[in-house]
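Q: Taking the UniProt record's numbering as reference, the numbering of the sequence shown is continuous, increasing by one, and the terminal residue is 252.
We put the beta carbon where it would ideally sit given N, CA and C, even for glycine.
The structure's right below; bear with me while I get my questions together.
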Amino acid sequence: MEVLSAFDWGLALTIALFAGVVKGSVGFALPLIMISGLSSFLDPRLSLAGILVSVLATNGWQVTRQGWGPARDAARLHWRYLLIVMVAIFLAAQLVMQIPRQWFYFILGIPVVGLSLVQLMGLRLTIPPSRRVVAEWGIGLVSGILGGLAGTWGPTTVLYLLAIETPKARQMVVQGVIYGAGSIILVLAHLRSGILNSETFWFSAALLPPALIGMAIGFRLQDRMDQDLFKKVTLLVLIVAGVNLIRKGLLG
Numbered sequence: 001m002e003v004l005s006a007f008d009w010g011l012a013l014t015i016a017l018f019a020g021v022v023k024g025s026v027g028f029a030l031p032l033i034m035i036s037g038l039s040s041f042l043d044p045r046l047s048l049a050g051i052l053v054s055v056l057a058t059n060g061w062q063v064t065r066q067g068w069g070p071a072r073d074a075a076r077l078h079w080r081y082l083l084i085v086m087v088a089i090f091l092a093a094q095l096v097m098q099i100p101r102q103w104f105y106f107i108l109g110i111p112v113v114g115l116s117l118v119q120l121m122g123l124r125l126t127i128p129p130s131r132r133v134v135a136e137w138g139i140g141l142v143s144g145i146l147g148g149l150a151g152t153w154g155p156t157t158v159l160y161l162l163a164i165e166t167p168k169a170r171q172m173v174v175q176g177v178i179y180g181a182g183s184i185i186l187v188l189a190h191l192r193s194g195i196l197n198s199e200t201f202w203f204s205a206a207l208l209p210p211a212l213i214g215m216a217i218g219f220r221l222q223d224r225m226d227q228d229l230f231k232k233v234t235l236l237v238l239i240v241a242g243v244n245l246i247r248k249g250l251l252g
């Protein structure tokens, strides 16, 4: 693992804190913010390893915060989406080590910018009940591939839940279940791929405390602030981060 300076450590911990605040507030985007921020000054593979422990722990917290009953109901209702996401994450994760570093920035940056712009513009896709089974398999596959390669499957999942008009309270539970199940597979997959190993694990674990502190703050903000406005600000931050990744890919 590369040796990090004190400045690098401070910046990494700050990014984890901010990512936790956003996730606690809107229920997603921790992987996007962490991978975008960390990749701007660290090797993208180390950045991917860095998010894994925080992704696993924060998603576990999100699932259990509403209780196990709603979580079980969400799993039964969206079992197809859960299944294809987990399978696709595991398979796609095995390709990470074979992707050139420059292309990795594009794989991370383009989805971040594109999906954030779609949400920021307020575009809502409506999926009729007759096509929801096909949509679950298709969108779940795309989400899983992004999850395996870039460590994030949140934006596509949010777009899907909005498209089937999921009520806000249930959406938070469903997101937690989908992210929680996917994060377990993601960690197992990258133990196998070598991204998460005896060296990178400690870097990943060090980012967990600020992520949890940030998430606790975010939960309070979720109850007190205008969530729609906060989400728009978050999406603007994601767009800036994604553009920076694409810039790095273009410049090599």
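If we cut at 7 Å on Cβ distances, does residue 187 have a partner in chain C?
A: No chain C appears in the structure shown, which is made up of a single protein chain.
Q: Just tell me which of 37, 178, 45, 38 has its CA closest to the CA of residue 199.
A: Against the sequence shown, residue 199 aligns to sequence position 199. The option with the nearest alpha carbon to residue 199 is 45.
Q: So, residue 173 versus residue 66, is the Cβ gap smaller than 7 Å?
A: As a working note, residue 173 is residue 173 in the sequence shown. As a working note, residue 66 is residue 66 in the sequence shown. Yes, Cβ-Cβ distance for residue 173 and residue 66 is below 7 Å.
Q: By the DSSP assignment, the alpha helix (DSSP H) with residue 90 in it spans what residues?
A: Residue mapping note: residue 90 aligns to position 90 of the sequence shown, counting from 1. Looking at the DSSP string, the run of the alpha helix (DSSP H) that includes residue 90 is 79 to 93.
Q: Are residue 19 and residue 30 touching if we call contact CB-CB under 7 Å?
A: Within the sequence shown, the letter at position 19 stands for residue 19. Within the sequence shown, the letter at position 30 stands for residue 30. Yes; because the gap between Cβ atoms is below 7 Å, this pair is in contact.
Q: How would you write the range of the alpha helix (DSSP H) that residue 222 sits in, first residue to last?
A: As a first step, residue 222 must be located in the sequence shown, where it is residue number 222. Per DSSP, residue 222 belongs to the alpha helix (DSSP H) from 208 to 224.
Q: Pop quiz: residue 81 and residue 178 are said to be a contact at Cβ under 8 Å. What is the actual Cβ separation, rounded to whole angstroms?
A: Along the sequence shown, one-based indexing puts residue 81 at 81. Along the sequence shown, one-based indexing puts residue 178 at 178. Contact holds; Cβ gap of about 7 Å.
Q: Thinking C-alpha only, which one of 95, 94, 139 is nearest residue 84?
A: Counting from one through the sequence shown, the residue named residue 84 turns up at place 84. Of the candidates 95, 94, 139, the one whose C-alpha sits nearest the C-alpha of residue 84 is 139.
Q: Does residue 136 come out as helix, strand or coil in the three-state DSSP assignment?
A: The residue labelled residue 136 in the question sits at position 136 within the sequence shown. Residue 136: helix per DSSP, three-state reduction.
Q: Drop a sphere of 10 angstroms on the beta-carbon of residue 328, count the other beta-carbons inside from all chains shown, and report buried for 16 or more, exposed for fewer.
A: Look at the range of the chain in this structure, 1 to 252, and you will see that residue 328 is not part of it.
Q: Which runs of the alpha helix (DSSP H) at least 4 residues long sit entirely within the stretch 181 to 209? Give them in chain order.
A: Counting whole runs of 4 or more residues, the stretch 181 to 209 contains the alpha helix (DSSP H) stretches 200 to 206.
Q: Which same chain residues end up closer than 6 Å to residue 55 when comparing Cβ atoms and leaving out the 5 residues on each side of it in sequence?
A: The residue you call residue 55 lines up with position 55 of the sequence shown. 31, 183.
Q: Assuming residue 194 and residue 86 form a contact by the criterion Cβ under 8 Å, report the distance between their Cβ atoms to the nearest whole angstrom.
A: Start at 1 with the first residue of the sequence shown, and residue 194 comes out as number 194. Start at 1 with the first residue of the sequence shown, and residue 86 comes out as number 86. With 8 Å as the limit, residue 194 and residue 86 do not qualify as a contact, their Cβ atoms being about 20 Å apart.
Q: For residue 238 versus residue 53, is the C-beta spacing smaller than 7 Å?
A: Taking the sequence shown and counting its residues from 1, one reaches residue 238 at position 238. Taking the sequence shown and counting its residues from 1, one reaches residue 53 at position 53. No. Outside cutoff.
Q: As a quick exercise: from 58, 39, 163, pick the residue whose alpha carbon is nearest that of residue 108.
A: Translated into positions along the sequence shown, residue 108 becomes position 108. Selected option, being the one with the closest Cα: 39.
Q: Between which residues of its own chain and residue 210 is the CB-CB distance below 8 Å, once the five residues before and five after are set aside?
A: For the purposes of this step, residue 210 is taken as residue 210 along the sequence shown, with counting starting at 1. Counting only Cβ-Cβ distances below 8 Å, and skipping sequence neighbours, we find 13, 14, 16, 17, 20.
Q: Could you check what DSSP says for residue 152 in three-state terms: helix, strand or coil?
A: The residue labelled residue 152 in the question sits at position 152 within the sequence shown. Residue state, collapsed to three classes: coil.
Q: Would you tell me roughly how many angstroms separate the C-alpha atoms of residue 255 and residue 142, rounded to the nearest one?
A: Past the boundaries of the shown model lies residue 255; the chain is included only from 1 to 252, so the question cannot be answered.
Q: For residue 153, does the count of other Cβ atoms within 10 angstroms reach 16, so buried, or fall short, so exposed?
A: Here residue 153 refers to the residue found at position 153 of the sequence shown. Counting Cβ neighbours within 10 Å, residue 153 comes out buried, since at least 16 surround it.
Q: What's the gap between the Cα of residue 69 and the Cα of residue 164?
A: Here residue 69 is taken as the residue at index 69 of the sequence shown, counted from 1. Here residue 164 is taken as the residue at index 164 of the sequence shown, counted from 1. Going from the Cα of residue 69 to the Cα of residue 164 covers about 22 Å.
Q: Taking all protein chains shown into account, decide if residue 197 is buried (16 or more other Cβ within 10 angstroms of its Cβ) or exposed.
A: In the sequence shown, residue 197 corresponds to position 197, counting from 1. Residue 197 comes out exposed.
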